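Participant: In full-length UniProt numbering, the protein residues as written are 1 to 633.
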Amino acid sequence: MRCFSRLMVTFALLSLVALLGLASTSHAVATPEQRAEIAAISTLTSKAANLFKAGKFKESGEAVAEVQTRIEKLAESGDAQVIELLAPTYRRLLNAHAVLELEGITLPALKPLEAEKPMPKPGEAPAGGGTSFTKEVAPILVQHCGGCHVRGSRGMFSMASYDVLMKGPAAGKVVFPGNIDGSDLVVKIQDKEMPPSGAGIPEPQLATLKKWITEGAKFDGPDPAANLTALTAGTPAAAPPMVMVAEATGKETISFAKDIAPVLVASCTGCHGTNRPRENFSVFTFESLLKGGDLGTAILPGKPADSLLIKKLKGTADGMRMPQGMAPLADEVIAKFEKWIEEGAKFDGGNAKQSVIEIAALAKANSSTHEQLSLDRANLALSNWKLVLPDMPADKVETTNFMVLGNVGENTLADIGQQAESLAPKIATIFKAPADQALVKGRVSLYVFRERYDYSEFGKMVERRDLPLPWRGHFNYTIVDAYGVVVPPRAGDYSLQVLIGQQLAGTYIASLGKGTPRWFAEGSARVAASRLDGADGRVQKWDDAVLPVVSTMSAPDDFLTGKLPPEETDICAYSFVKFLMADAKRYDKLLADLRKGGNFDQSFSATYGGSPNQVAQAWVRKPPAKSKPLGKK
1 MRCFSRLMVT FALLSLVALL GLASTSHAVA TPEQRAEIAA ISTLTSKAAN
51 LFKAGKFKES GEAVAEVQTR IEKLAESGDA QVIELLAPTY RRLLNAHAVL
101 ELEGITLPAL KPLEAEKPMP KPGEAPAGGG TSFTKEVAPI LVQHCGGCHV
151 RGSRGMFSMA SYDVLMKGPA AGKVVFPGNI DGSDLVVKIQ DKEMPPSGAG
201 IPEPQLATLK KWITEGAKFD GPDPAANLTA LTAGTPAAAP PMVMVAEATG
251 KETISFAKDI APVLVASCTG CHGTNRPREN FSVFTFESLL KGGDLGTAIL
301 PGKPADSLLI KKLKGTADGM RMPQGMAPLA DEVIAKFEKW IEEGAKFDGG
351 NAKQSVIEIA ALAKANSSTH EQLSLDRANL ALSNWKLVLP DMPADKVETT
401 NFMVLGNVGE NTLADIGQQA ESLAPKIATI FKAPADQALV KGRVSLYVFR
451 ERYDYSEFGK MVERRDLPLP WRGHFNYTIV DAYGVVVPPR AGDYSLQVLI
501 GQQLAGTYIA SLGKGTPRWF AEGSARVAAS RLDGADGRVQ KWDDAVLPVV
551 STMSAPDDFL TGKLPPEETD ICAYSFVKFL MADAKRYDKL LADLRKGGNF
601 DQSFSATYGG SPNQVAQAWV RKPPAKSKPL GKK
């Protein structure tokens, strides 16, 4: 019902906005034929809505596809005034696409909607003293969007350079020159959806962005491919200072991960985290801690008495004692910091670029008992649920090894919990796991969502990503958290038991060893699913897709190097792991090494005589045939 009501709102907006677009932009010089076509598009959207209301999803999708085709044909003129009339409808067509696809209706990809405007040549100044991208716009984007979308590509969207910003993400362009209402970059900021803090940006800066787009979103720098961080200073960005990370030897008496990181999280990240840290000193990662800030280096390995951090904690340095606004740290806590620095300020947290919050959580989880870990995961699961469905409390059921929560009713959850318990021994058999141990330390959280829409919201709100459309479930393992997410099938589209088994298998494999990659865990999980029921609808689709996907690859290891879409990557991983498991002795040896805590890359090379990229050369020549259900020959 949520998908239905959401789609009705979308179609209503499509019809309404198309009509309002005619009224509010009546000054645009469009031909009578073009106006008649826009009106016809409005009528067709109403027809699509009525078809959907009648339960005729396929016919509704066909009507939407026709709307899309007619919009694209009308836009072929490249006339800026026609594009202006179409832009609001186009933006909402994107939403209709997403919701229809959740109902299983596949639609053609939307083409970008833009007027044919000559882009300014690199270095061309804005006409008439207009807004400067390099001097006015780029600094705003770096200031408010830099962490996620300039230095990174959160949500598959990057604005690292002018070229990349104007191209937009795979979902479509976010800047339409001359059209503020059609530019999601401004709309998201104006609606305070971005930045994620919800505070928006200062009105003068928002006005600058709008003015720049209205003037044609022009570029006035020497190189449109240059990174925005380099443009903001007018010169190439300075290289960051070299940070030398000394790895712990195991002989130290103080652990950064166990003893230091938790204190930094509790007492320091509020002022010295990622959001404009005071004095430009961030303790958010081990690297930033060593780097120091405006007052210089905070830590001098081997010299605690000379280290600014210790002086600040003791109150012997100029300025306020740290942590500011809080009670001073206990003497025994400061003594641990001193001893840690005296021993060389060594790092034992795995990845020096990882946040201290994650490092502290991982250290706690690794030292927790089964019950402590289960309790922490249960609290985290309930917190995640509130992010997805804040107004709908989760039903929950606990079994020996699982906490099952969802919105499908307690009886269904109890049944799913028992299915998970009965599947665990079967997964253990497939991978020859110890029969007297739980697959994973601590209870695994199992989320069950009634609607595919709720599942997609989980991806957006909890994992900050868009989940691939073919997915009806997935897993995640970090030891801090271990969970599977599933959407029960409708009318037997696929086996719920196989779907659950897949997530259990993936969670188990991901928990083994050090550096075990996702492709190996997912590939192993899909092989387990195929052995549970080779006739399952999802398994058959994977098998049928292997050869077509392989035929499109330019290199055998494309699926290992991020050159394929997520689902195609997983299909190749499924086939590749099946190839690896054909030599059961080697595959079992690899898992045995990983159970002992072995490094995946080293164990794989020692077992198979080469890296995964090298072994893929042999796999691609003859991908294995379909797997058979467990117990069949």
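Quick reminder that beta carbons are idealized off the backbone N, C-alpha and C, glycines included. Computed from a predicted structure; not experimentally measured.
#1: Enumerate, from N- to C-terminal direction, the unbroken alpha helix (DSSP H) stretches of 4 or more residues contained entirely within the stretch 350 to 414.
#2: Can you grab the Cα-Cα spacing for the pair Ser-554 / Gly-523, in whole Å?
#3: So, helix, strand or coil for Val-527, using DSSP?
#4: Exposed or buried, His-370, counting other C-beta atoms within 10 Å across all chains shown (16 or more means buried)?
#5: Could you give the residue range of the beta strand (DSSP E) that holds Phe-133?
#6: Please list, in chain order, all residues of the same chain as Lys-188 whose beta carbon is under 6 Å from its beta carbon, the five residues on each side excluded.
#7: Mark residue 636 as exposed unless 16 or more other C-beta atoms lie within 10 angstroms of its C-beta, in which case mark it buried.
#8: Taking the CB atoms as reference points, tell me whether Phe-133 and Phe-219 lie closer together than 8 Å.
#9: Could you give the distance in angstroms between the alpha-carbon of Thr-10 and the alpha-carbon of Ala-48?
#10: With the cut-off set at 8 Å, would you say Leu-467 and Gly-459 are in Cβ contact?
#11: Quick check: what's the CA-CA separation for Leu-22 versus Val-462?
#12: Once you ignore the five residues that flank Met-392 on each side, which residues in its own chain have a CB closer than 7 Å to its CB?
#13: Do the CB positions of Ala-616 and Leu-564 come within less than 8 Å of each other?
#14: Return the bridge partner residues of Ile-285 from the DSSP annotation.
#15: Hey, would you say Ala-525 sits closer than 8 Å to Phe-475, going by beta carbons?
#16: Put Phe-579 into one of helix, strand or coil per three-state DSSP.
#17: Closer than 8 Å is the cut-off here; do at least three beta carbon pairs connect the stretch 377 to 391 with the stretch 286 to 294?
#18: Taking just the CA atoms, how far does Ala-248 sit from Glu-343?
#19: What span of residues does the alpha helix (DSSP H) with Leu-209 cover, start to end?
#20: Find the nearest neighbour of Gly-79 within the set Lys-386, Gly-178, Ser-374, judged by alpha-carbon distance.
#21: Under DSSP, the beta strand (DSSP E) around Tyr-483 begins and ends at which residues?
#22: Ignore the nearest five residues each way along the sequence and tell me which others in Lys-167's own chain have a CB closer than 8 Å to its CB.
#23: Can you tell me which of the three DSSP states Ser-255 falls into?
#24: When the distance is taken between beta carbons, is Leu-423 closer than 8 Å to Leu-504?
#25: Since Lys-514 sits in a beta bridge, which residues does DSSP pair it with?
#26: Once the 5 residues before and after Ile-509 are set aside, which same chain residues still bring their CB inside 6 Å of it?
#27: Helix, strand or coil: which one does DSSP assign to Val-574?
Facilitator: On the basis of the supplied data:
#1: 356 to 367, 370 to 388
#2: 21 Å
#3: helix
#4: exposed
#5: Premise fails: Phe-133 is in no beta strand (DSSP E) and is neither H nor E.
#6: Met-194
#7: Any question about residue 636 goes unanswered here, given that the chain covers just 1 to 633.
#8: yes
#9: Annotation note: pLDDT 45 at Thr-10 (below 50); position unreliable, coordinate value reported separately. Computed Cα separation, rounded: 11 Å.
#10: yes
#11: Any reading at Leu-22 is ruled out, since the residue's pLDDT is 35, under 50, leaving its predicted position unreliable.
#12: Asn-407
#13: no
#14: Before going further, note that residue 285 is Thr rather than Ile in the sequence given. Its beta-bridge partners are Ser-355.
#15: yes
#16: helix
#17: no
#18: 9 Å
#19: 203 to 214
#20: The sequence as given places Asp at residue 79; Gly does not occur at that position. For the residues Lys-386, Gly-178, Ser-374, the minimum Cα distance to Asp-79 belongs to Gly-178.
#21: 482 to 486
#22: Lys-173
#23: coil
#24: yes
#25: Asn-599
#26: Ala-521, Ser-524
#27: As written in the sequence, residue 574 is Tyr, which differs from the Val given in the question. Reduced to three states, the DSSP call for Tyr-574 is helix.
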